[in-house]
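Comments concern the structure below.
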């Protein structure tokens, strides 16, 4: 079930309380949503909880549930929002946290594009100058603050901020026009 008409039928059945249709929806998207959320929050167990929250919300609100997008786009938008809410509340730095205000999900036709994007980001990070890459990874992978990074590397916080800005710009350039909608 990938087409919009299939989505409409599936939603209609779910609204009527059809548990089989709901299970179908869950099994069709749960794994992809979990991987999508895990990419941002780096916590598989919490990702599973957030996916369950999304589906619980849908089931509990099924009678009044309306979407303006395709069902897939809605689910990934909900996953994105759950991820960024979790990041904001827990103050977890992650790759491209600055993307919070963007409408990524609507542009993904498949999980393959998401994997390609992740690969391109990793590739871009590996191409950064050594010091810039080190600072960027400490910020995004080790979750260190600018002050902590500056202290470890014996440089100023402004230098850390500047290097992170440079890293993000180079990543944007590396991604090119194909992903310009992210920025």
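Numbering (this note's numbering), first residue to last: 819 to 1001. Glycine included, C-beta positions come from ideal geometry on N, C-alpha and C.
**Item:** Close beta carbons around residue 889, own chain, < 6 Å, minus the five adjacent residues each side
**Value:** Start at 1 with the first residue of the chain shown, and residue 889 comes out as number 71. Closer than 6 Å at the Cβ level, and outside the excluded window around residue 889, lie 825.
**Message:** By the three-class DSSP mapping on this structure, what secondary structure does residue 954 have?
**Reply:** Here residue 954 corresponds to residue number 136 of the chain shown, with the count starting at 1. Residue 954 carries a helical assignment under DSSP once its states are collapsed to helix, strand and coil.
**Message:** Please state whether the Cβ-Cβ distance between residue 864 and residue 904 is less than 8 Å.
**Reply:** Residue mapping note: residue 864 aligns to position 46 of the chain shown, counting from 1. Residue mapping note: residue 904 aligns to position 86 of the chain shown, counting from 1. Taking 8 Å as the Cβ cut-off, residue 864 and residue 904 qualify as a contacting pair.
**Message:** At 4 residues or longer, what runs of the alpha helix (DSSP H) sit wholly inside the stretch 853-887?
**Reply:** 862-878
**Prompt:** Nearest-angstrom Cα distance between residue 898 and residue 873?
**Reply:** Taking the chain shown and counting its residues from 1, the one referred to as residue 898 is at position 80. Taking the chain shown and counting its residues from 1, the one referred to as residue 873 is at position 55. Their Cα atoms are separated by approximately 14 Å.
**Item:** Top-ranked residue by Cα proximity to residue 958, from 972, 969, 943
**Value:** By 1-based counting over the chain shown, the position of residue 958 is 140. Ranking 972, 969, 943 by Cα distance to residue 958 puts 943 first.
**Message:** Along the chain, where does the alpha helix (DSSP H) containing residue 994 start, and where does it finish?
**Reply:** Mapped onto the chain shown, residue 994 falls at position 176. No alpha helix (DSSP H) holds residue 994; DSSP gives it neither H nor E.
**Item:** Residues of its chain near residue 855, where Cβ-Cβ distance is below 7 Å and the 5 sequence neighbours each way are ignored
**Value:** Here residue 855 refers to the residue found at position 37 when the chain shown is read from its first residue. Excluding positions up to five away in sequence, the list reads 865, 868, 869, 897, 900, 901.
**Item:** 6 Å CB neighbourhood of residue 977 in its chain, flanking five on each side removed
**Value:** The sequence position of residue 977 within the chain shown is 159, counting from 1. Excluding residues within five positions, none has a Cβ falling inside 6 Å.
**Request:** Please specify which runs of the alpha helix (DSSP H), each continuous and at least 4 residues long, are wholly inside the stretch 819-848, giving them in chain order.
**Result:** 822-833
**Request:** List the endpoints of the continuous alpha helix (DSSP H) containing residue 964.
**Result:** For the purposes of this step, residue 964 is taken as residue 146 along the chain shown, with counting starting at 1. Segment 964-971, the alpha helix (DSSP H) holding residue 964.
**Request:** Classify residue 899 as helix, strand or coil using the three-state DSSP reduction.
**Result:** Here residue 899 is taken as the residue at index 81 of the chain shown, counted from 1. Helix.
**Request:** Indicate the three-state DSSP secondary structure (helix, strand or coil) for residue 944 in the structure shown.
**Result:** For the purposes of this step, residue 944 is taken as residue 126 along the chain shown, with counting starting at 1. Here residue 944 sits in helix by DSSP.
**Request:** Drop a sphere of 10 angstroms on the beta-carbon of residue 838, count the other beta-carbons inside from all chains shown, and report buried for 16 or more, exposed for fewer.
**Result:** Start at 1 with the first residue of the chain shown, and residue 838 comes out as number 20. A residue is called buried once 16 or more other Cβ atoms fall within 10 Å of its Cβ, and residue 838, having fewer, is exposed.
**Item:** Candidates 986, 969, 964, of which the one nearest residue 947 by Cα
**Value:** To locate residue 947, count along the chain shown from 1; it is residue 129. It is 986 whose Cα lies nearest to the Cα of residue 947.
**Message:** Only counting the same chain, and skipping five residues up and downstream in sequence, which positions put a Cβ closer than 7 Å to that of residue 833?
**Reply:** What you label residue 833 is simply residue 15 of the chain shown in a count that begins at 1. The answer, listed in chain order, is 880, 881, 883.
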